[in-house]
Structures are given as C-alpha cells and as structure tokens.
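Q:
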Amino acid sequence: MHILETERLLLREFVPEDVDALALVLSDPDAMRYYPAVLNRAGVAAWIERNRRRYADAGHGLWAMVLKSSGEVIGDCGLTRQCVDGTEEVEIGYHVRRDLWGHGYAPEAACASQGYGFRQLGAARLISLIRPENLASRRVAEKTGLSLWKQVIWRDLPHCVYAIRKT
Ligand SMILES: CC(C)(COP(=O)(O)OP(=O)(O)OC[C@H]1O[C@@H](n2cnc3c(N)ncnc32)[C@H](O)[C@@H]1OP(=O)(O)O)[C@@H](O)C(=O)NCCC(=O)NCCS
C-alpha cells in the first residue's frame, strides 16, 4: 500500500521481506554513526516489526522509501510518536542508504511526511530529534522548514529538537 508519492519516491508500509534492503542502511556503521549501535539482521527484522505494530496501533510509522526508477527500498522516512520533556510529539525520521546520500531524497520524503503529519494526522507541530553532531540531518531539517527549538537529553544523549508548527 502506497502512503505517499513524490517526484522520485514512494513511501509504503514495510513488509518483513524488506529486511535485506533495509539492512544495507541500518547495519551500515556510517549511516548509524549517531546511534548507540548498528543493527544486525535480527535487529532489522525487529525494527520492521516494531513499525508494523505502529501502523496497526497508530496508523503510521516509519515507512519504506522506494526509488520509483528502480523499485528498490533505499531507506525509510515517516512519522513516529515520541515523548519529549513529558509531552507527546510527532517526529519526522529518515535514513538513506549511504551510496545515495546527497541527492535530496531525505528532504523530498520528509516534506511529503510533513504534509501527512499536518493534514492527515492533524498535528499542530512536528519535530525531529537530532544528535547535535549530525550536521547532515540538521541540514535536512532546515531544508524542510524546521528550525532549532531546544536542546534536550533524550534516551540519555544530548539531542537538538527541530520543530515546525502548522501554519
Ligand atoms: C541525514 C540523511 C538522511 C540525509 O539524506 P540525504 O538524502 O543525503 O539528504 P540531502 O541530499 O539533502 O543531504 C543533506 C546533507 O547531507 C550532507 N551530505 C550530502 N552528501 C553527503 C555525502 N556523500 N556524505 C556525507 N554527507 C553528505 C550535506 O551536509 C547535505 O546538506 P547540503 O545539501 O546543504 O549540502 C543521510 O545522511 C543519512 O541517512 N544519514 C544517516 C542516518 C541519520 O543520521 N538519520 C537522521 C537521524 S536524526
């Protein structure tokens, strides 16, 4: 099921068969540099299951980012609920396979997810939680209209909270 379509990408729900394509992203030490650990294959399968539970429970989660020209899954992007400073926020998240960085795929998918968050979910605000050192991700947030709101400790690590309000 396609959730969103952009010029070059489709976002759809992950299925268990996506594990190998997603492992090329979430098992890559460069892509996971700002995370506590890379995921092994079982970890990627569990990650997909976690998002499938989110689709069932909340109607959304991190979706598979599919390159229309080849049909390949090249990453993920979507919306998850996160508790930040005691408030539930809707977060835009994204990961792209390393050999495809720099083509603007993350901002393209993030913009579409932003539209979904404001229109379909009716969120008043969308955020991204980003490690301060993750300059590439901070650029994606800026390019998609978010601005630095505050810094917090989240899951024991310093994070910048980028935010955009519904206009
Ligand atoms: C952050 C990320 C999703 C950006 O995806 P993308 O599709 O490459 O996004 P863009 O093409 O718009 O590039 C964004 C920035 O990445 C940096 N960048 C681009 N190409 C790069 C490359 N080959 N190597 C390293 N950084 C690069 C640049 O700073 C760029 O900003 P600019 O356009 O102002 O120059 C991607 O780098 C990634 O998957 N990182 C690992 C996962 C991650 O950190 N996710 C976010 C967690 S908060």
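The opening position of the sequence shown corresponds to residue 1 in the working numbering, with each subsequent residue numbered one higher. Where is the CB? At the ideal position from N, CA and C, for every residue including glycine. Quantities reported herein were computed from a predicted structural model and do not represent experimental measurements.
Under three-state DSSP, which class holds Lys-166?
A: For the purposes of this step, residue 166 is identified with residue 166 of the sequence shown, where counting begins at 1. Residue state, collapsed to three classes: coil.
Q: Quick check: does the Cβ of Val-96 come within less than 7 Å of any heavy atom belonging to ligand 1?
A: Taking the sequence shown and counting its residues from 1, the one referred to as residue 96 is at position 96. Yes, ligand 1 has a heavy atom inside 7 Å of this Cβ.
Q: Mind checking whether Asp-18 and Ala-56 have CB atoms under 8 Å apart?
A: In the sequence shown, residue 18 corresponds to position 18, counting from 1. In the sequence shown, residue 56 corresponds to position 56, counting from 1. The answer is no: Cβ separation not under 8 Å.
Q: Classify Ala-168: buried if its beta carbon has 16 or more other beta carbons within 10 angstroms, exposed otherwise.
A: Here the chain has residues from 1 to 167 only, and residue 168 is not among them.
Q: Taking the DSSP output, what are the residues bridged to Met-181?
A: There is no way to answer for residue 181, as the model of the chain reaches only from 1 to 167.
Q: Kindly indicate which residue of Cys-83, Gly-145, Lys-166 has the alpha-carbon position closest to the one of Cys-111.
A: As a position in the sequence shown, residue 111 is number 111, starting the count at 1. Cα-wise, what sits closest to Cys-111 is Gly-145.
Q: Per DSSP, what kind of secondary structure is Pro-16 in: helix, strand or coil?
A: Taking the first residue of the sequence shown as position 1, residue 16 is located at position 16. Pro-16 falls in the helix class under three-state DSSP.
Q: Check whether the Cβ atoms of Asp-28 and Arg-98 lie closer than 8 Å to each other.
A: Start at 1 with the first residue of the sequence shown, and residue 28 comes out as number 28. Start at 1 with the first residue of the sequence shown, and residue 98 comes out as number 98. Against a cut-off of 8 Å, the Cβ pair of Arg-98 and Asp-28 comes out as a contact.
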